[in-house]
Amino acid sequence: MVENLTGTFRGLWRAFIGKKYWKSLGLFFALIGPGIITSNVDNDAGGITTYSLAGSEYGLTLLWTLIPITGALIIIQEMCARMGVVSGKGLSDLIRERFGARITFYLMIVLFLTNLGNTISEFAGVAASMELFGVSKYISVPISAAIVWWLVVKGNYKSVEKVFLFACVFYLSYIISGFMGKPDWHAIGSSFLTPTVRMDTGWLTMAVGVIGTTIAPWMQFYLQSSVVDKGLKADDYQYTRMDVIIGSVTVNVVAFFIIMLCAVTLFQNGIRIESAKDAAQALAPLAGDYASWLFAFGLLNASLFAASILPISTAYTICEAFGWESSLNRKF
55 MVENLTGTFR
65 GLWRAFIGKK
75 YWKSLGLFFA
85 LIGPGIITSN
95 VDNDAGGITT
105 YSLAGSEYGL
115 TLLWTLIPIT
125 GALIIIQEMC
135 ARMGVVSGKG
145 LSDLIRERFG
155 ARITFYLMIV
165 LFLTNLGNTI
175 SEFAGVAASM
185 ELFGVSKYIS
195 VPISAAIVWW
205 LVVKGNYKSV
215 EKVFLFACVF
225 YLSYIISGFM
235 GKPDWHAIGS
245 SFLTPTVRMD
255 TGWLTMAVGV
265 IGTTIAPWMQ
275 FYLQSSVVDK
285 GLKADDYQYT
295 RMDVIIGSVT
305 VNVVAFFIIM
315 LCAVTLFQNG
325 IRIESAKDAA
335 QALAPLAGDY
345 ASWLFAFGLL
355 NASLFAASIL
365 PISTAYTICE
375 AFGWESSLNR
385 KF
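According to my numbering, the stretch in the sequence shown is residues 55 to 386, in order.
Shown next as structure tokens:
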């Protein structure tokens, strides 16, 4: 009797629930990508440096800001993703249609220069991280530039997306190194329950920096363009929305562990740093060599990741602004 009931239940599960569940799960994994990639790549060399400075200079006092930042990021990213699936057009394309070619032209100049500066900083991050492993910047930067060129020019959307999703996995190195710092979870919980707001210029400037490095303009252009390039439609919106939410949460989880690690190690020992490279070097005697290596490897991955996406974002944006065809599937 029991075996018959078990077999019947298993059959019902497969026929009605299991089949639908696995179909939905498979569809979700097929459609995700733009949201998770866009959010995670925001933890680039500049972002990691900002979070490291926030933790080393102000301890745990800025951790609570990640909660409203996460909410704001979800709202902004969700709007861009929704415009992409509904209109089938990129953000700069919609700006040109709504505000005209002149405003769009000046906006593209600003965005191009900003992205150029960010790309340079990413290669600086590659150089700094590889020097921690004993590799000269004169070797690491040209090789990294060649990898980025090959990926951007030779890859199609599906292959590039797979590489980027794989790169997202390596942000786990910051979470692992965070646990290696042996944090005081009670103190961390208290920093959220009793948030600190300081009115001195340094703290406020750092708070603005944390917000600015988490919610960057280029992200919105890239997200909407990648949604369009992936071919997502309005019927796919529920999966795209979940993709955006997961990405927005994970990027701030990584930011949390970076700030927390630097707070419980560098800040508590009065160690001042000026860059993410300094943070990785200073962590070795405090959290162990493995934590330092993981931090440095995370910086390398983040820098190379962002250095690949920023040129794509710029190309998407400018091509759409002038009405040119834009897609990673087009051959160079």
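Backbone N, C-alpha and C define an ideal beta-carbon position, used for all residues, glycine too.
Legend entry - Member of Thr-103, Ala-99 and Ser-146 whose CA lies at the smallest distance from the CA of Trp-378: Taking the first residue of the sequence shown as position 1, residue 378 is located at position 324. That would be Ser-146, whose Cα lies nearest to the Cα of Trp-378.
Inset, instruction - Would you be able to state if there are at least three C-beta pairs under 8 Å between the region 146-162 and the region 359-377? - result: yes
Legend entry - Pick from Val-139, Thr-319, Phe-233 and Ala-182 that is closest to Tyr-293, judged by C-alpha positions: Position 239 of the sequence shown, counting from 1, holds the residue named residue 293. Checking every option, the nearest Cα to that of Tyr-293 belongs to Val-139.
Inset, instruction - Select from Thr-371, Ser-381, Leu-382 and Ser-380 the residue whose C-alpha is nearest the C-alpha of Leu-161. - result: If you number the sequence shown from 1, residue 161 lands on position 107. Selected option, being the one with the closest Cα: Thr-371.
Inset, instruction - Just mark Pro-88 as buried or exposed, buried being the case when its beta carbon has 16 or more other beta carbons within 10 Å. - result: Here the question's residue 88 lines up with position 34 in the sequence shown. It is buried - the Cβ of Pro-88 has at least 16 other Cβ atoms within 10 Å.
Legend entry - Start and end residues, alpha helix (DSSP H) containing Met-253: Taking the sequence shown and counting its residues from 1, the one referred to as residue 253 is at position 199. Here Met-253 belongs to no alpha helix (DSSP H), and DSSP marks it neither H nor E.
Legend entry - Residue from Ile-86, Gly-125, Thr-115 and Ala-135 with nearest C-alpha to Ser-279: On the sequence shown, residue 279 is found 225 positions in, with the first residue counted as 1. When only C-alpha atoms are compared, the closest one is Ala-135.
Legend entry - Option in Val-318, Gly-324 and Ile-312 with minimal Cα separation from Ile-330: In the sequence shown, residue 330 corresponds to position 276, counting from 1. It should be noted that the sequence gives Ala, not Ile, for residue 330. Ala-330 has its Cα closest to that of Ile-312, out of Val-318, Gly-324 and Ile-312.
Inset, instruction - Look up Asp-96 in the DSSP assignment and say whether it is helix, strand or coil. - result: By one-based count along the sequence shown, residue 96 stands at place 42. In this structure, Asp-96 counts as coil in the three-state DSSP scheme.
Legend entry - CA-to-CA distance, Ile-299 to Leu-59, given in whole angstroms: The residue you call residue 59 lines up with position 5 of the sequence shown. The residue you call residue 299 lines up with position 245 of the sequence shown. A caution first: Leu-59 carries a pLDDT of 45, below 50, which makes its placement in the model unreliable, though a value can still be read off. Whole-angstrom Cα-Cα distance: 40 Å.
Legend entry - Local conformation of Pro-237 per DSSP, three classes: As a working mapping, residue 237 is identified with position 183 in the sequence shown. Coil.
Inset, instruction - Could you pull out every residue in the same chain whose Cβ sits closer than 6 Å to the Cβ of Leu-186, ignoring the five residues on either side in sequence? - result: Taking the first residue of the sequence shown as position 1, residue 186 is located at position 132. Excluding sequence neighbours, Leu-186 sits near Ala-334 and Ala-350.
Legend entry - Cβ-Cβ distance between Gly-100 and Ala-317 below 8 Å: In the sequence shown, residue 100 corresponds to position 46, counting from 1. In the sequence shown, residue 317 corresponds to position 263, counting from 1. No; because the gap between Cβ atoms is not below 8 Å, this pair is not in contact.
Legend entry - Identity of the residue in Met-137, Ala-155 and Ser-93 nearest Ala-126 by Cα: Here residue 126 corresponds to residue number 72 of the sequence shown, with the count starting at 1. When only C-alpha atoms are compared, the closest one is Ser-93.
Legend entry - Counted within 10 angstroms of its Cβ, other Cβ atoms place Phe-246 as buried (16 or more) or exposed: Counting from 1 along the sequence shown, the entry for residue 246 is found at position 192. Burial call: exposed.
Inset, instruction - Just list the alpha helix (DSSP H) runs in the region 138-187, keeping only unbroken ones of 4 residues or longer that don't cross its boundaries, in chain order. - result: 145-153 and 155-186
Inset, instruction - Can you tell me which of the three DSSP states Gly-352 falls into? - result: Taking the first residue of the sequence shown as 1, we reach residue 352 at position 298. Gly-352 falls in the helix class under three-state DSSP.
Inset, instruction - Specify, as a first and last residue, the run of the alpha helix (DSSP H) that Phe-376 falls within. - result: Working through the sequence shown from its first residue, we reach residue 376 at position 322. That residue, Phe-376, is in no alpha helix (DSSP H); it is neither H nor E in DSSP.
Inset, instruction - Decide yes or no for the touch test of the region 359-367 against the region 168-186: beta carbon pairs closer than 8 Å, at least 3 of them. - result: yes
Legend entry - Beta-carbon gap between Ala-261 and Thr-119 smaller than 8 Å: The residue given as residue 261 occupies position 207 in the sequence shown. The residue given as residue 119 occupies position 65 in the sequence shown. Yes, Cβ-Cβ distance for Ala-261 and Thr-119 is below 8 Å.
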